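*Asks:* Going by the working numbering, the letters in the sequence shown line up with residues 123 to 216, in that order. Quick one: the structure is below, questions incoming.
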Amino acid sequence: MTGRYIVVFKESASSDEINKYADEVSKAGGEVKDRYDSVLKGFSATIPAQFLLQLQTNLQDGPIDYIGVFCSFVLPGSVADMHIAEPDGVVTTQ
């Protein structure tokens, strides 16, 4: 099953490495939606389940820091669409 995720890279990851993984997501049948490079390095994408497993096996030794579940919602009374990435997929408040 395909899901939407945010793939966050380590600070040491180069733009070429990030582009390589984004291209691999597309080749695996996923779709890169947004790219991030100011607060964090990475992208959001729909990622097929089988390819997600491959990405997760590279977490320790590769340039990926973590992969979080992408959640999108609108707060009552706001016009902003909030995007939340939690590595464990659970959104909590402090």
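Beta carbons: idealized from backbone N, C-alpha and C, even for Gly. None of these values were measured; they are calculated from a predicted model.
(1) Could you check which residue in Pro185, Cys193, Gly190 has the C-alpha nearest to that of Ala135?
(2) May I have the straight-line CA-CA distance separating Val161 from Leu174, to the nearest angstrom?
(3) What does the Cβ neighbour count give for Lys163, buried or exposed, with the cut at 16 atoms within 10 Å?
(4) From Val129, Ile169, Thr168, pick the residue whose C-alpha is nearest to that of Tyr158; which is it?
(5) Work out the CA separation of Glu146 and Leu177 for me, nearest whole Å.
*Replies:* Straight from the coordinates:
(1) Locating residue 135 in the sequence shown gives position 13, where the first residue counts as 1. Taking the Cα of Ala135 as reference, the smallest distance to any Cα among Pro185, Cys193, Gly190 is reached at Pro185.
(2) If you number the sequence shown from 1, residue 161 lands on position 39. If you number the sequence shown from 1, residue 174 lands on position 52. If you take the alpha carbons of Val161 and Leu174, they lie about 23 Å apart.
(3) Looking up residue 163 in the sequence shown gives position 41. Buried, because 16 or more other Cβ atoms sit within 10 Å of the Cβ of Lys163.
(4) On the sequence shown, residue 158 is found 36 positions in, with the first residue counted as 1. The option with the nearest alpha carbon to Tyr158 is Val129.
(5) Translated into the one-based positions of the sequence shown, residue 177 becomes position 55. Translated into the one-based positions of the sequence shown, residue 146 becomes position 24. Approximately 10 Å, taken between the alpha carbons.
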